[in-house]
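For what it's worth, our numbering labels the leading residue of the sequence shown as 79, then goes sequentially.
C-beta atoms are modelled at their ideal positions from N, C-alpha and C, and glycine is treated no differently.
In what follows, a structure is listed as structure tokens, so that the remarks can point back to it.
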Amino acid sequence: MKLLMVYPNKVMVVRAPLGLGYIASYLKQSGHEMKLFDTTFMKCSDTLGDDELRAKLLQVENPDILNYNVQVNNVFDELEKNINEYEPDIIGVSVVDPNYNFGLEIMRHCKKMFSNIPIIVGGPLTSFIPDEIIKEDCVDAIGIGECENAIVNFCNKLESGGWDNTFDVENFWVKDKNNIIHKNKSMLFDSEFCIAPSLDIYDERHFSRPMAGKMYKMASVIWTRGCIFNCSYCANDNLRKLTNKNPVEYYRISNVNKFIMDLKVIKEKYKLEFIMFVDDIWPLHKPELVREFCDLYKKHINLPFHINVHCKIVKEESFEMAVDAGLRNISIGVESGNSYIRKNILNRSYTNEDLQKVFNLAHKYKIRSSSFNIIGLPEETRENIMETIELNRKLNPDSATVTIFHPYRGCSLREKCIKMGYIDNKDNKYEEVYRSESLLNMPQLSKEEIINLLNSFQLYLKLPKDMYETIKKQENDTPESLDIRNNIVLPIFNKIRQQESKWDFNKKENWWTL
Ligand code: B12
Ligand code: SF4
Numbered sequence: 079m080k081l082l083m084v085y086p087n088k089v090m091v092v093r094a095p096l097g098l099g100y101i102a103s104y105l106k107q108s109g110h111e112m113k114l115f116d117t118t119f120m121k122c123s124d125t126l127g128d129d130e131l132r133a134k135l136l137q138v139e140n141p142d143i144l145n146y147n148v149q150v151n152n153v154f155d156e157l158e159k160n161i162n163e164y165e166p167d168i169i170g171v172s173v174v175d176p177n178y179n180f181g182l183e184i185m186r187h188c189k190k191m192f193s194n195i196p197i198i199v200g201g202p203l204t205s206f207i208p209d210e211i212i213k214e215d216c217v218d219a220i221g222i223g224e225c226e227n228a229i230v231n232f233c234n235k236l237e238s239g240g241w242d243n244t245f246d247v248e249n250f251w252v253k254d255k256n257n258i259i260h261k262n263k264s265m266l267f268d269s270e271f272c273i274a275p276s277l278d279i280y281d282e283r284h285f286s287r288p289m290a291g292k293m294y295k296m297a298s299v300i301w302t303r304g305c306i307f308n309c310s311y312c313a314n315d316n317l318r319k320l321t322n323k324n325p326v327e328y329y330r331i332s333n334v335n336k337f338i339m340d341l342k343v344i345k346e347k348y349k350l351e352f353i354m355f356v357d358d359i360w361p362l363h364k365p366e367l368v369r370e371f372c373d374l375y376k377k378h379i380n381l382p383f384h385i386n387v388h389c390k391i392v393k394e395e396s397f398e399m400a401v402d403a404g405l406r407n408i409s410i411g412v413e414s415g416n417s418y419i420r421k422n423i424l425n426r427s428y429t430n431e432d433l434q435k436v437f438n439l440a441h442k443y444k445i446r447s448s449s450f451n452i453i454g455l456p457e458e459t460r461e462n463i464m465e466t467i468e469l470n471r472k473l474n475p476d477s478a479t480v481t482i483f484h485p486y487r488g489c490s491l492r493e494k495c496i497k498m499g500y501i502d503n504k505d506n507k508y509e510e511v512y513r514s515e516s517l518l519n520m521p522q523l524s525k526e527e528i529i530n531l532l533n534s535f536q537l538y539l540k541l542p543k544d545m546y547e548t549i550k551k552q553e554n555d556t557p558e559s560l561d562i563r564n565n566i567v568l569p570i571f572n573k574i575r576q577q578e579s580k581w582d583f584n585k586k587e588n589w590w591t592l
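Given below as structure tokens:
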């Protein structure tokens, strides 16, 4: 079977969608074919791309390095051309909340032009609104949860017995010709010895990423699947519940030896300079396993790498071994500087001291650290956001990523937003507001104030406190504010940034300079 998989990425988030690489490798191994139609580097809207937005918000150092050579072609013409040339048996579409509306436009167009080709949809969103997606006339089947095995079964059964033969494929909901939906349960994917993802489906530009002001040839990889926590703004808890597994069963770690050997092949094939682990939580709480990983990693990979860290599970022993093996960059979820918001709104339990300990480790071992922060949270006030800034000043990360809270479907905090009247049950216009606007109508914190604080977060973080009055004056969008921003505040900010540590991850030693 030939599957044309569409990745309808309208917001130009450049990191590759890894799940599709896994699907491609499983299909290939079973004698099927998959081609990716990826809109990341096509101009799909007039809004800025993700990295450009980050640069505008002062979250990217040296924005000059960003040049993805975006093509200005018509996505629909391009897609038709691809379908005519490739002649797929199935069209697949992968959706998350911020690309669903665009994905739907694409599916409707495909159904109109190629009514005889079945359309299947997957990605995290199908797990949360399966009824809504399957009821669309342009959709013939949906895959729920992780679908490496499921999609192979689906293709095998379709090839051997036609559409009616696919009605009992696990993880799939399939529509028959009378519009009756055949629903099957979702099984947890056993990733222990999973096959490496096929990175050759991706455009090479996905591998070129900015980090600390320089571009590196890097690939995103994932060693573990799932997470042991259940934060309210994240979909993981609900993805886990679908499979009826407890958090320990849901958190899966692939065989170290197989993982490293697969990574070695990828490293050599793509001449990588940097490895970006996108695991939800990298297993720093398991020193024995980290030791095994580091020994093999040093021997076979020996490249600088990045991981995501949850401050509650870090053991210094593991941290030290990881640095010795090449760990050079960590991202730590701070999220909010206010403990009530953290515990009661985000369902995250840790103290400022827990966070400080991990940032101190990064400073002690001289690796680069970055904090993740969310603003515009339910019940949050301006003062709470200032607390987040204050905490970041103490933690002293090399960079702070700040995003506006969006109540994505599948996250339990969305229900709270609906209950409190902050959003309407139908609100789902994420692609227009991604990184640039809040969807929440809250009495204590206006949408304007959230944007103003997003625009000024880095300034409050880096500039001396005696400039706070001046920074406040440039927060809104008036000509006077712009004048203050451009002529007083930004020149000082840029000077401070120039004086900060510089990082060169290609160096084995002295990768930082002061
Ligand atoms: C790595 C990651 C990214 C990467 C890669 C994105 C990608 N599209 O893969 C980057 C950094 C680019 C990213 C960006 C964003 N992400 Co993200 N991301 C993740 C993360 C942590 C892991 C994804 C992953 O690789 N999983 C492992 C692979 C194997 O699983 P998978 O990608 O889901 O693919 C499997 C299935 O979904 C399915 N499948 C996928 N596509 C298809 C298609 C068909 C036809 C079929 C049958 C099956 C199928 O099979 C795949 C193989 O098992 C998840 C959290 C999570 N636990 O899933 C969030 C997550 C997917 N991201 C999310 C969001 C919202 C975003 C952003 C908006 C950023 C943000 N502000 O949070 C952007 C959106 C950009 C975009 N256009 O996709 C949400 C989605 C929520 C929702 N309701 O849709 C998640 C679930 C996190 C959360 N907040 O809860 N993300
Ligand atoms: S720790 Fe991260 S991945 Fe895990 S549930 Fe919380 S937000 Fe999601």
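For Gln149, the residue or residues it bridges with in DSSP: Met120
Residues bridged to Lys292 (per DSSP): DSSP, once it has assigned bridges, lists Met289 as partnering Lys292.
Simplified DSSP state of His260, which is helix, strand or coil: strand
Selected residue, minimal CA-CA separation from Tyr348, among Asp561, Leu362, Leu277: Leu277
Beta carbon of Met112 nearer than 8 Å to that of Ile279: In terms of Cβ geometry, Met112 and Ile279 form a close pair [threshold 8 Å].
Near the ligand B12: Cys233 beta-carbon under 7 Å from a heavy atom: no
For Pro365 and Ser396, believed in contact at Cβ under 8 Å, the rounded distance: 5 Å
Beta-carbon proximity check, Ala274 vs Val217, cutoff 8 Å: no
Exposure label - Asp129; buried when at least 16 CB within 10 Å: Under this definition Asp129 is a buried residue.
Glu370 versus Val392, Arg406, Ile549, Asn333, residue with shortest Cα-Cα distance: Ranking the options by Cα distance to Glu370, first place goes to Asn333.
Glu526 versus Tyr443, Lys504, Gly201, Glu553, residue with shortest Cα-Cα distance: Out of Tyr443, Lys504, Gly201, Glu553, Glu553 has the C-alpha closest to the C-alpha of Glu526.
Asp117 versus Tyr500, Met185, Gln149, residue with shortest Cα-Cα distance: Residue identity check: residue 117 is Thr in the sequence provided, not Asp. The candidate whose alpha carbon is nearest that of Thr117 is Gln149.
Cβ pair Ile331, Ile353 closer than 8 Å: Going by beta carbons, Ile331 and Ile353 fall outside the 8 Å limit.
Closer than 7 Å: Gly201 CB and nearest the ligand SF4 heavy atom: no
Buried versus exposed, by CB contacts within 10 Å (16 or more), Lys319: exposed
beta-carbon Asp432 near the ligand SF4 non-hydrogen atom, thresh 7 Å: no
Cα-Cα separation between Asn243 and Lys253, rounded to whole angstroms: 12 Å
Segments of 4+ residues assigned as alpha helix (DSSP H) that fall wholly inside the stretch 191 to 237: 202 to 206, 208 to 212
Sequence-distant residues of its chain with Cβ nearer than 6 Å to Cys233 (five each side left out): Same-chain partners within the cutoff: Met79, His110.
Start-to-end residues for the beta strand (DSSP E) that takes in Ser559: Segment 557 to 562 is the alpha helix (DSSP H) holding Ser559; no beta strand (DSSP E) there.
Euclidean distance between Cα positions of Lys235 and Ala228: 11 Å
Nonlocal neighbours in the same chain, by C-beta distance under 6 Å from Ser514, ignoring five residues either side: So the list is empty, once near-sequence residues are dropped.
Where Arg406 falls: helix, strand or coil (DSSP): strand
Min CB distance Asn177 to chain D below 8 Å: Annotation note: the requested chain D is absent from the structure, which comprises a single protein chain.
Closest residue to Cys188 among Ala290, Leu82, Lys261 (Cα-Cα distance): Leu82
For Tyr85: DSSP bridge partner residues: Asp116
Beta carbon of Lys295 nearer than 8 Å to that of Leu341: no
Contact set for Ala219: own chain, Cβ-Cβ below 6 Å, skip 5 residues either direction: Ile198, Phe250, Val252
Endpoints, the beta strand (DSSP E) within which Phe383 is located: From DSSP, the beta strand (DSSP E) with Phe383 extends over 383 to 387.
Residues passing the C-beta test against the ligand SF4 heavy atoms, cut-off 7 Å: Chain-ordered list of matching residues: Cys305, Phe307, Asn308, Cys309, Tyr311, Cys312, Asn314, Asp315, Asp358, Ile359, His388, Gly411, Arg426.
Identity of the residue in Glu214, Asn308, Asn179 nearest Val89 by Cα: Asn179
Coarse secondary structure for Lys507, derived from DSSP in three states: Coil, per DSSP.
Validate contact between the stretch 485 to 494 and the stretch 435 to 442 using beta carbons, cut 8 Å, 3 pairs: Output reads no: the stretch 435 to 442 does not touch the stretch 485 to 494.
Thr481: CB within 7 Å of a non-hydrogen atom of the ligand B12: yes
Alpha-carbon to alpha-carbon, Asp544 and Gln576: Near 20 Å, if we compare the C-alpha coordinates of Asp544 and Gln576.
Check: Ile331 C-beta below 7 Å from any heavy atom of the ligand B12: False, no ligand heavy atom lies under 7 Å from that Cβ.
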